[in-house]
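Asker: Take the sequence shown: its position 7, counted from the start at 1, is 6 in numbering that gives the first Met the number 0, and no numbers get skipped.
Just so you know, even glycine gets a beta-carbon here, dropped at the ideal spot from N, CA and C.
Before I ask anything, let me first share the structure, which is written out below as structure tokens.
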Amino acid sequence: MQSRSLSFVEINIFCNFKAIWVVSFLSTVLTDVMWGLMLSVAFALVTTIFRTQWPRWHILSRLEGTDEYRDTGRYGRVTDIDSVRIFRFDAPLLFTNVDHFRSAAEKATIDCPIMSLATLDNILEVECPNKSPRKQRKMRHIFQRSLSEYHESPMRHVEHLVVDCSGFTFIDFMSVNSLIELYQQMRSNGIQVYFAGAKAPIRDMFEACGFYESVSKDHFYPTIHDAVQSAYMNRQVKLYR
């Protein structure tokens with residue numbers, strides 16, 4: 000698995016390098032060496048700014064049979080944990096992208112989408128026009144029962160958000176305050192927030208900015224798995240009260 004994830008990183012780096020190389024080549028051929036150099040440097044700076052302001056974020060799931068957590072959409076054999084959502088933001092947390100971070104974290108806690116009965120009707124009309132009315136009614140009944148079970152399922156509602164901090168290489172003061180606001184907002188919505196894998200410089204920044212005065216250190220864990228285990232235990236305690 001490690002070699003596979005490494006290959007994706009290598010491909011991403013290669014694509015970025017290739018784009019810069021193509022721009023450098025074309026700008027040099029179409030203008031001259033000096034303008035080509037200036038345009039290629041400008042293009043590299045612009046792409047860096049875009050990657051910093053609108054970085055990628057991921058919802059993570061547990062790889063089956065391991066304690067490792069990876070991007071849900073990239074691996075097939077993953078396991079979701081009831082009512083727990085794991086969120087990773089792959090960039091330094093700065094004032095330029097903190098709004099994007101908060102928006103992404105809020106999207107990560109939205110319930111999983113599910114097909115509605117109206118959508119099912121459209122599918123039956125388009126994909127199964129020759130089905131008898133009796134078979135269509137039976138399909139609607141099965142789907143409606145599954146839909147009811149889904150709405151009653153504890154997995155539908157996110158009650159625990161684990162923020163993977165390993166992607167934070169730097170964090171500024173404004174972002175620290177925004178993290179506090181996000182924590183308080185999630186708590187008011189009934190969602191417990193856990194922070195996992197924060198590097199020592201990030202924890203030092205939290206200390207210097209007074210982050211721990213608003214968010215207890217009890218919410219910090221060395222690994223994602225530790226945070227998930229704590230969330231799972233808290234969920235079990237809540238269920239058996």
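Take every Cβ of the stretch 157 to 174, pair it with every Cβ of the stretch 197 to 204, and state whether three or more of those distances are shorter than 8 Å.
Answerer: Taking 8 Å as the limit for Cβ pairs, the verdict is that the stretch 197 to 204 does touch the stretch 157 to 174.
Asker: Near L38, which residues of its chain fall below 6 Å by C-beta distance, leaving aside the five closest residues on each side in sequence?
Answerer: Excluding residues within five positions, the ones whose Cβ falls inside 6 Å are S26.
Asker: Report yes if the C-beta distance between C164 and G209 is below 8 Å; otherwise report no.
Answerer: In this structure, G209 does not lie closer than 8 Å to C164 by Cβ.
Asker: DSSP on D79, reduced to helix/strand/coil?
Answerer: Correct three-state label for D79: coil.
Asker: So within the stretch 170 to 205, which uninterrupted alpha helix (DSSP H) runs reach at least 4 residues, ignoring any that extend past its ends?
Answerer: For the stretch 170 to 205, whole alpha helix (DSSP H) runs of length 4 or above, ordered along the chain, are 172 to 187.
Asker: Identify, in the order they occur along the chain, each residue of the same chain with its Cβ nearer than 6 Å to the Cβ of D89, setting aside the five sequence neighbours on each side.
Answerer: Cβ within range, chain order: P54, R55, G166.
Asker: Which residue comes first and which comes last in the beta strand (DSSP E) that contains S60?
Answerer: Unbroken beta strand (DSSP E) run through S60: 56 to 62.
Asker: Return the residue from the list S174, L238, I190 that minimises the CA-CA distance to R101.
Answerer: Comparing Cα positions, the closest option is S174.
Asker: Could you say which of T222, V236, Q191, P200 lies nearest to V214 if we only look at CA atoms?
Answerer: Considering only alpha carbons, the answer is Q191.
Asker: Could you pull the DSSP bridge partners for I109 from this structure?
Answerer: None; I109 has no bridge partner.
Asker: By the DSSP assignment, the alpha helix (DSSP H) with V227 in it spans what residues?
Answerer: Where V227 is concerned, the enclosing alpha helix (DSSP H) stretches over 223 to 238.
Asker: Apart from the five residues on each side of it in sequence, which residues of its chain come closer than 8 Å, Cβ to Cβ, to K198?
Answerer: Hits under 8 Å: C164, S165, F167, T168.
Asker: So what does Y68 bridge to, in DSSP terms?
Answerer: R61, per the DSSP bridge assignment.
Asker: Rounded to a whole number of angstroms, what is the C-alpha to C-alpha distance between T30 and V45?
Answerer: Using only the alpha carbons, I get a separation of about 20 Å.
Asker: Kindly indicate which three-state DSSP category S115 falls into: helix, strand or coil?
Answerer: Bear in mind that the predicted position of S115 carries a pLDDT of just 40, short of 50, making it too unreliable to give a figure here.
Asker: Which residues does DSSP list as the beta-bridge partners of Y220?
Answerer: Beta-bridge pairing links Y220 to A195.
Asker: In this structure, how does DSSP classify R101 when only helix, strand and coil are distinguished?
Answerer: Residue state, collapsed to three classes: helix.
Asker: Measure the CB-CB distance between V161 and I223 and report whether it falls below 8 Å.
Answerer: Their beta carbons are under 8 Å apart, which means V161 touches I223 by this criterion.
Asker: What distance in whole Å lies between the Cβ atoms of I58 and A104, which are believed to be in contact at a cut-off of 8 Å?
Answerer: Incorrect: roughly 11 Å between the Cβ atoms, too far for contact.
Asker: F94: which of H218, S177, Q235 sits nearest, CA to CA?
Answerer: Of H218, S177, Q235, the residue nearest in Cα terms is S177.
Asker: With a threshold of 16 other CB atoms inside 10 Å of the CB of M232, please say whether the residue is buried or exposed.
Answerer: Classification for M232: exposed.
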